[in-house]
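**Q**
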Ligand SMILES: [Zn+2]
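In the working numbering, the protein residues as written are 601 to 787.
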């Protein structure tokens, strides 16, 4: 049975399982998009980000991009994954972002209270035990958010594929205050 959600009411975290299994969240998304498109005027934006910046960050639901950075749609590329970690796929996207779409600066943002701090690489073994197959990817969990931001910036600066590595900075976003704190790359 489909459950309808009023447009004004965002799903709460406790709704996640029920909503996902009923498909009602996706029904809501489809309906909301029809309304959005009804009022949509083509802003004639370029695919090349106007501010020439790429943000690499966590998929965390509490980080509102691009608003939290004072940017707008069309200004930036946004690469998100669990933790905002520098995987091969992030390098792939950044390489395309810089070489094909003209971006130059990279902002790496981790955040307080990240779920990746509650996991360890044991997660990978537990997964293998459960499904009988070891995932090809590393979990990329971390304990110290500052250490991981520093390591992420370093991974980018030493990548042979990127065109521009001179303006890469790392931050931690505080999900309770909305404030970014810069991580000193030198420790
Ligand atoms: Zn996170």
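Quick reminder that beta carbons are idealized off the backbone N, C-alpha and C, glycines included.
On the three-state DSSP scale, how would you describe residue 768?
**A** Three-state result, residue 768: strand.
**Q** Count the CB pairs spanning the stretch 670 to 681 and the stretch 626 to 634 that are closer than 8 Å, and state whether there are at least three.
**A** Output reads no: the stretch 626 to 634 does not touch the stretch 670 to 681.
**Q** Compare the beta carbon distance of residue 759 and residue 685 with 8 Å and say whether it is the shorter of the two.
**A** No, they are not a contact pair.
**Q** Taking the C-alpha atoms as reference points, what is the distance between residue 687 and residue 778?
**A** Distance between the alpha carbons of residue 687 and residue 778 is about 26 Å.
**Q** Closer than 6 Å is what we want: which residues have a beta carbon that near any heavy atom of ligand 1? List them in chain order.
**A** In chain order, the hits are 658, 660, 683, 711, 714, 715 and 716.
**Q** Given residue 727, which residues of its chain have a CB within under 7 Å of its CB, disregarding the five upstream and five downstream residues?
**A** Closer than 7 Å at Cβ, skipping near neighbours: 735.
**Q** What first and last residue would you give for the alpha helix (DSSP H) that runs through residue 757?
**A** Element bounds for residue 757: 745 to 757.
**Q** Output the distance between the C-alpha atoms of residue 703 and residue 743, rounded to the nearest integer angstrom.
**A** Using only the alpha carbons, I get a separation of about 31 Å.
**Q** By the 10 Å Cβ neighbour count, where 16 or more other Cβ atoms means buried, how is residue 654 classified, buried or exposed?
**A** Its Cβ being crowded by 16 or more others within 10 Å, residue 654 is buried.
**Q** Using CA atoms only, rank isn't needed, just tell me which of 673, 771, 754 and 774 is closest to residue 765.
**A** Residue 754 is the option with its Cα nearest to residue 765.
**Q** Quick check on this structure: which residue in 770, 786 and 787 has the alpha carbon closest to the alpha carbon of residue 658?
**A** The residue with the shortest Cα to Cα distance from residue 658 is 770.
**Q** Assuming residue 782 is part of the beta strand (DSSP E), what are its boundary residues?
**A** Element bounds for residue 782: 780 to 782.
**Q** Looking at residue 666 and residue 675, is the spacing between their C-beta atoms short of 8 Å?
**A** Yes, Cβ-Cβ distance for residue 675 and residue 666 is below 8 Å.
**Q** Taking the alpha carbon of residue 772 as the reference point, which residue from 762, 785 and 761 has its own alpha carbon closest?
**A** That would be 785, whose Cα lies nearest to the Cα of residue 772.
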